[in-house]
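My numbering numbers the first residue of the first sequence as 44 and each following residue consecutively. Cβ atoms here follow ideal geometry from the backbone N, Cα and C, with glycine treated the same way. Nothing here was measured: the structure is a model prediction, and the numbers come from that model. Structure first, commentary second.
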Amino acid sequence: MPELPEVESTARSLRPRLVGRRVRSVGGVDWPRMLPNTAEDELRAVLTGLAVSTVDRRGKYLLIGLEHDRWLAIHRKMSGNLLLRPAETAAEPHTHLEIGLDDGWLLRFVDARKFGRVYLFGSRGELDAFIAARLGPEPLTDLSAASLTTLLRGRHGRIKSLLLDQAFLAGVGNVYADEALWEARVHPLRAADSLSSREIARLALAIQHVLMLGIERRGTSFSTYRDADDSRGENQDHLSVYGREGQPCPRCGTRIRRIAIGMRAAHFCPHCQRASVRRPATSGTASRSGTARPGLA
DNA sequence: CCACGATCCTGCTAGC
DNA sequence: TGCTAGCAGGATCGTG
Numbered sequence: 044m045p046e047l048p049e050v051e052s053t054a055r056s057l058r059p060r061l062v063g064r065r066v067r068s069v070g071g072v073d074w075p076r077m078l079p080n081t082a083e084d085e086l087r088a089v090l091t092g093l094a095v096s097t098v099d100r101r102g103k104y105l106l107i108g109l110e111h112d113r114w115l116a117i118h119r120k121m122s123g124n125l126l127l128r129p130a131e132t133a134a135e136p137h138t139h140l141e142i143g144l145d146d147g148w149l150l151r152f153v154d155a156r157k158f159g160r161v162y163l164f165g166s167r168g169e170l171d172a173f174i175a176a177r178l179g180p181e182p183l184t185d186l187s188a189a190s191l192t193t194l195l196r197g198r199h200g201r202i203k204s205l206l207l208d209q210a211f212l213a214g215v216g217n218v219y220a221d222e223a224l225w226e227a228r229v230h231p232l233r234a235a236d237s238l239s240s241r242e243i244a245r246l247a248l249a250i251q252h253v254l255m256l257g258i259e260r261r262g263t264s265f266s267t268y269r270d271a272d273d274s275r276g277e278n279q280d281h282l283s284v285y286g287r288e289g290q291p292c293p294r295c296g297t298r299i300r301r302i303a304i305g306m307r308a309a310h311f312c313p314h315c316q317r318a319s320v321r322r323p324a325t326s327g328t329a330s331r332s333g334t335a336r337p338g339l340a
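Below, the structure written as structure tokens:
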């Protein structure tokens, strides 16, 4: 999916186009499960006639605030896109929601894989409770070596898996986790609480750095990700390890390796990112440390 | 509380 | 060329 930089880019491009616009119509819902806490009828009844007051982001959620303290929280998950289109434009395949605006444009939610979700909240308080229940701190504003040290304390799991846990830290996904670990020279299988203070400091900075670069480049676009105006980002042309298995590490030239961690792929440089310590073996025998499993493909 | 595997969906592609 | 197994940027839930 879109990770923090992609959602931030979308929020920035939508903000000037949405704020001040009034909702004229709501429709096109063909997949009820995408509205976990509401339904098309309620969405229409609540939103129609309201003007958009804010467009923001928290973690990977896009937040749209409207008059009367109504809020939409949109998560695109793996394949969702938010597109702004003239109302007369034919709906693209996999359109699951259309919000018509008073300037003749439509905000469309298009999502081939149907993992994306749209939530409706009746107050900022409800939204905040929802967010608080599932998201950790914002990496760009609330992360430092000190706070990361505290967060990692007592966490025995793999650092890569922890970075993907949104309750631990909001907004980092598979691409930026791999990129940050590479920049910080930390092996993805390292036990989170085994990092030295020096490594923690590097990692905190690296997370912020790769996310900021991602935003500057308006996101990483692979096959499906598009911005609201259908444009692609350019960060995919600047990745150091993600998706670069077998290609040289930009820092030392060693071939990038790809392994499986849980059900996700992890890319790293075996020279720059040393495995060293691994977690204490779980009960069984199964996985050994260092020499990781064969990898996915 | 914590760590981890299974699961939800469809499209694309590598490999046979 | 045609089929299909496997993989995709996410997060939740159940289990141990």
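Express the C-alpha separation of I117 and V72 in angstroms, rounding to a whole number. 14 Å
Helix, strand or coil at L246 [DSSP, three-state]: helix
Looking at the structure shown, is F265 part of a helix, part of a strand, or coil, going by DSSP? coil
According to the Cβ coordinates, are G216 and E110 closer than 8 Å? no
Compare the C-alpha of P293 against each of I304, F311 and R301 and name the closest. F311
Distance CB(I250)-CB(P180) smaller than 8 Å: no
D221 to K203 span [Cα, whole Å]: 8 Å
With DSSP run on the structure shown, which of helix, strand or coil describes N217? helix
L256 and N278: beta carbons closer than 8 Å? yes
What is the rounded straight-line gap between the Cα of E85 and the Cα of A176? 24 Å
Could you give the uninterrupted runs of the alpha helix (DSSP H) lying entirely in the stretch 89-173, keeping only those of 4 residues or more? none
For the alpha helix (DSSP H) holding I202, just list the boundary residues, first then last. I202 to L207
Identify, in the order they occur along the chain, each residue of the same chain with its Cβ nearer than 6 Å to the Cβ of R287, setting aside the five sequence neighbours on each side. I299
Quick check: what's the CA-CA separation for R261 versus P313? 29 Å
S240 versus M306 - alpha carbon distance: 29 Å
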